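The opening residue of the sequence shown carries number 32 in our numbering; numbering runs sequentially from there.
For each residue, glycine too, the CB sits at the ideal point set by N, CA and C.
Keep in mind that this is a model prediction, so the values were computed, not measured.
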Amino acid sequence: MAISKPKNIAVSKLDFDLENYRLDVPANDQPDALRLIMDKHGDTVLGLARHIARHGSLNPAESLIVIQDGTRYTVLEGNRRLAALRLLQNSKLAPADKQVAFARAAKGFVRIPSISCVIADSREEAYVWIQLKHSGQGSGEGAVRWGANGVRNFATRSQGKVTYVQGIIHMLQTLYSDDVDLQAMIDVVRHGDQLTNLERILQDTAVRQRLGIVWNSTYVSLEYSATTLAPFFQRLFTLLTTERPDGSASWSRAWATAKERKTWLADQSDVLPPVDDALDEPIVIAPPAQDGKSNDSQGKADKPKPGSSGSRSRKPSAKKLDTEGMRAHEDYPLPVRKLFDEIRDIDYENFPYLTLDGMRTLIEKTIKSYARLQGDRVMGKRRGQPDPEAFAQFGDCIAWMDDHCSAHPGIRHHKATLSRLRNQSGKWPASAELFNGSNHNDVLTIDAALVKASWELMHPLLQDLLKRGSDAPAD
Numbered sequence: 032m033a034i035s036k037p038k039n040i041a042v043s044k045l046d047f048d049l050e051n052y053r054l055d056v057p058a059n060d061q062p063d064a065l066r067l068i069m070d071k072h073g074d075t076v077l078g079l080a081r082h083i084a085r086h087g088s089l090n091p092a093e094s095l096i097v098i099q100d101g102t103r104y105t106v107l108e109g110n111r112r113l114a115a116l117r118l119l120q121n122s123k124l125a126p127a128d129k130q131v132a133f134a135r136a137a138k139g140f141v142r143i144p145s146i147s148c149v150i151a152d153s154r155e156e157a158y159v160w161i162q163l164k165h166s167g168q169g170s171g172e173g174a175v176r177w178g179a180n181g182v183r184n185f186a187t188r189s190q191g192k193v194t195y196v197q198g199i200i201h202m203l204q205t206l207y208s209d210d211v212d213l214q215a216m217i218d219v220v221r222h223g224d225q226l227t228n229l230e231r232i233l234q235d236t237a238v239r240q241r242l243g244i245v246w247n248s249t250y251v252s253l254e255y256s257a258t259t260l261a262p263f264f265q266r267l268f269t270l271l272t273t274e275r276p277d278g279s280a281s282w283s284r285a286w287a288t289a290k291e292r293k294t295w296l297a298d299q300s301d302v303l304p305p306v307d308d309a310l311d312e313p314i315v316i317a318p319p320a321q322d323g324k325s326n327d328s329q330g331k332a333d334k335p336k337p338g339s340s341g342s343r344s345r346k347p348s349a350k351k352l353d354t355e356g357m358r359a360h361e362d363y364p365l366p367v368r369k370l371f372d373e374i375r376d377i378d379y380e381n382f383p384y385l386t387l388d389g390m391r392t393l394i395e396k397t398i399k400s401y402a403r404l405q406g407d408r409v410m411g412k413r414r415g416q417p418d419p420e421a422f423a424q425f426g427d428c429i430a431w432m433d434d435h436c437s438a439h440p441g442i443r444h445h446k447a448t449l450s451r452l453r454n455q456s457g458k459w460p461a462s463a464e465l466f467n468g469s470n471h472n473d474v475l476t477i478d479a480a481l482v483k484a485s486w487e488l489m490h491p492l493l494q495d496l497l498k499r500g501s502d503a504p505a506d
């Protein structure tokens, strides 16, 4: 017998492979093997543990590959999965900086006593199948990766979702339908290898904010006109469809990190829209329906009636933030009201990073809009000094609110909250450091408990801001 049929083996009888190919050095014993796995793959093991806890199971399509050693079994393929299970069952075995995260992930987790395994006669026999899994598609014998387009098509067809980049491409095709050259470049990128790079740059928070793009599954909105944004998109697609100065065709390395994307964005200042050119009423475009057609004949989303967005209250459930009693005043622009709707409906337990990013964006846009309604403006800083041309970030918005709240009786009692929001302690939920850190891809562990705590701290302030509109100074 070479490889057995799948059979369930008790987790308690499984051992880590001390010669695990994922490790740089052999492990001395079982505790050392777990330590080495966590040192090198700790973040991915935590992510895997959260997925297992959420779904109550390992991937049923993949069995572990083991060899028998007396009454026990050594795991040759599946050591990360075994590590995730062990740490869900006992978070104290995790590194000190991840024990709390594993304990939170394990809340409500029902212990899995046994898992599906196949037994190989020898390491050599197992390695045939392990290599097949991890060495790529080969001539077709290995797993054939979907690629970027395949992933997006799966999300659209199986889950009824239009991905961000699909929505943006549809928006560009709608806005620039008469620009033959730009449409040709969009088509090349859409069907080529550069689609991932387009997604990487346009999903960056700093880029989206600077371009005034707001997206959810029901609309794309722009704070600047198509004419104002045209130079930027023409340059972006020209770059994506031509070789770089070093002769390579890919921008993946130049845009690999948030810092690199921010540097690149700063270099495009000559084609970025002037900050003061924002539209009074944003352009709103519906994404394509699943059949590829627009959601209506004009490709425009229905604009909500004034005051209608966010006017409903929703009692909190296990996965929804508490928005009871909150509504967005009709004086606020559509992006703020739409963002509030998105926050109301998001599943923060399954999407904590996305929720935190949405919360930060909602706070920023609410405060900026609030300032405009009072005839003022939140200014960003350049070299430490206020600059009307600089983009106002989260910290600038909180600082403006903190400095001006005494002039507004309805919100001055939030002074203490604003001061703490303004501080630079990432350990305090809803601090500026926490939001900015998550925005710039710092190594942060954002979980549902932290998101909920941050929301609870800022909820009263945001509720008062949203309901006051242009009459905010009046009590």
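**Request:** With DSSP collapsed to three states, give me the class of I377.
**Result:** coil
**Asked** If C350 and Y379 are in contact, beta carbons under 8 angstroms, what's the gap, nearest whole angstrom?
**Response** According to the sequence shown, residue 350 is Lys rather than Cys. With 8 angstroms as the limit, K350 and Y379 qualify as a contact, their Cβ atoms being about 6 angstroms apart.
**Request:** With a threshold of 16 other CB atoms inside 10 Å of the CB of K399, please say whether the residue is buried or exposed.
**Result:** buried
**Request:** Name the two residues that bound the continuous alpha helix (DSSP H) containing L89.
**Result:** That residue, L89, is in no alpha helix (DSSP H); it is neither H nor E in DSSP.
**Item:** Residue environment, R117, which counts as buried when at least 16 other CB atoms sit within 10 Å
**Value:** buried
**Prompt:** Would you say G87 and V141 are within 8 angstroms of each other, going by their C-beta atoms?
**Reply:** yes
**Message:** I need the DSSP call for F263, collapsed to helix, strand or coil.
**Reply:** helix
**Minimum C-alpha distance to G139 - residue among S43, R85, V97 and V149** = R85
**Request:** Taking C436 as part of the alpha helix (DSSP H), name the residues at either end of that continuous run.
**Result:** Note, C436: premise wrong, no alpha helix (DSSP H); not H, not E.
**Request:** Use the C-beta contact count for D70: other C-beta atoms within 10 angstroms, 16 or more gives buried, fewer gives exposed.
**Result:** exposed
**Asked** Where does I199 fall in DSSP's three states?
**Response** helix
**Message:** So, at 6 angstroms on beta carbons, what are the nonlocal neighbours of I314 in its own chain, with the 5 sequence-adjacent residues on each side left out?
**Reply:** L253
**Prompt:** Going by Cα to Cα distance, which pick from G243, V238, H435 and T294 is closest to G406?
**Reply:** H435
**Request:** Go to N39, then tell me how far its alpha helix (DSSP H) extends in each direction, as first and last residue.
**Result:** That residue, N39, is in no alpha helix (DSSP H); its beta strand (DSSP E) goes K38 to A41.
**Request:** Using beta-carbon positions only, say whether R266 and Q225 come within less than 8 angstroms of one another.
**Result:** no
**Request:** Express the C-alpha separation of G426 and L89 in angstroms, rounding to a whole number.
**Result:** 41 angstroms
**Cα-Cα separation, A64 to D152** = 23 angstroms
**Asked** Quick one, which of E155, W160 and L387 has its alpha-carbon nearest A484's?
**Response** L387
**DSSP beta-bridge partners of L67** = Answer is none; L67 lacks a bridge partner.
**Rounded straight-line distance, which links the Cα of E420 to that of G198** = 29 angstroms
**Message:** With H, G and I counted as helix, E and B as strand and the rest as coil, what does DSSP make of A285?
**Reply:** coil
**Request:** Determine the extent of the alpha helix (DSSP H) in which E230 is found, giving its start and end residues.
**Result:** L226 to L233
**Request:** Decide if the segment 407-416 is in contact with the segment 439-449; the criterion is three or more beta carbon pairs, one per stretch, under 8 angstroms apart.
**Result:** no
**Prompt:** Can you tell me the Cα-Cα spacing of G243 and L352, whole angstroms?
**Reply:** 25 angstroms
**Prompt:** In terms of alpha-carbon separation, which member of W286, A257, A115 and I161 lies closest to Q204?
**Reply:** A257
**Prompt:** Quick one: what does DSSP say S153 is sitting in, helix, strand or coil?
**Reply:** coil
**Message:** Between which residues of its own chain and R154 is the CB-CB distance below 7 angstroms, once the five residues before and five after are set aside?
**Reply:** I98 and L107
**Request:** Please name the residue in R112, S437, L54 and P417 whose C-alpha comes closest to that of H82.
**Result:** R112
**Message:** Excluding the 5 residues flanking R241 on each side, which residues of the same chain have their C-beta closer than 7 angstroms to its C-beta?
**Reply:** L296, L303 and F422
**Asked** In or out: Y195 buried (at least 16 other Cβ within 10 Å) or exposed?
**Response** buried
**Request:** Within its chain, find whatever has a CB closer than 8 angstroms to the CB of P39; leave out the 5 residues flanking it on each side and keep chain order.
**Result:** With the sequence shown as reference, residue 39 is identified as Asn, and Pro is not the correct amino acid for it. Excluding positions up to five away in sequence, the list reads S145, I146, S147 and C148.
**Buried/exposed call for S344, threshold 16 Cβ in 10 Å** = Residue placement at S344 cannot be trusted, given a pLDDT of 40 that sits under 50; the coordinates are not used to answer.
**Asked** What is the DSSP secondary structure of G323, counted as helix, strand or coil?
**Response** With a pLDDT of 43 at G323, under the threshold of 50, the modelled position of this residue cannot be trusted; read the value that follows with caution. The answer is coil: DSSP assigns G323 none of H, G, I, E or B.
**Message:** Need the endpoints of the alpha helix (DSSP H) that F133 sits in, please.
**Reply:** Q130 to A136
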